[in-house]
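First residue of the sequence shown? That's 1 in the UniProt record's numbering, and the numbers climb one at a time after it. Backbone N, C-alpha and C define an ideal beta-carbon position, used for all residues, glycine too. Comments concern the structure below.
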Amino acid sequence: MFPFLIRQTIFGPKGIENTGKMEMTEIQRYKIALERLKQLSDIRLGKPLLIQTLMGNLRVLHSNHIGYFKYISTKKSWEIALTDGSFVRLKENLRAKNLCAYNDRFIQIHQSYIINIQYLCMIQNNHCIMYPPFHHINELCISQKYKRELTAYFYQF
């Protein structure tokens, strides 16, 4: 890109004016291409989430790597279950509504659980049956308070 612009500046018939127009066109094309690439990345990886861990470290996670959130009442903090089998504990003072507001795929199913609906395979006897790698989790119970919203959203998804 740059050698072409330099040649236009030095040898072009209209000099800098011509180059300025060419440069803006190129920049606009690159911005559009970059935005498309970002959208494709968000679709594949999920929207990036910047979280603060219990130790105060900042970490970037993609929503596709998050299976569910679990509230640990004794520690008064949320824990994230990741697709690689690890868990990340979040800082205290986070509320469920803040986690759900981050991404429309995060749906609260119980006072202590928020799931990523893209991993929800089926609802059976008030339990969430998840796709791998979360298919072995048996603790994801749906409370009556959240069941209607979950089933409505599940059938739309």
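Host alpha helix (DSSP H) of Y153 (start-end):
Q144 to Q156
Residue range of the beta strand (DSSP E) that K97 falls in?
No beta strand (DSSP E) holds K97; the alpha helix (DSSP H) holding it covers A96 to Y102.
Provide the residue span of the beta strand (DSSP E) that contains residue 206, from first to last.
The structure shown does not extend to residue 206, since the chain is modelled only from 1 to 157, so the question has no answer here.
Would DSSP call R89 helix, strand or coil?
strand
Does DSSP put S77 in a helix, in a strand, or in coil?
strand
My output table needs one value for N116: the three-state DSSP class, helix, strand or coil.
strand
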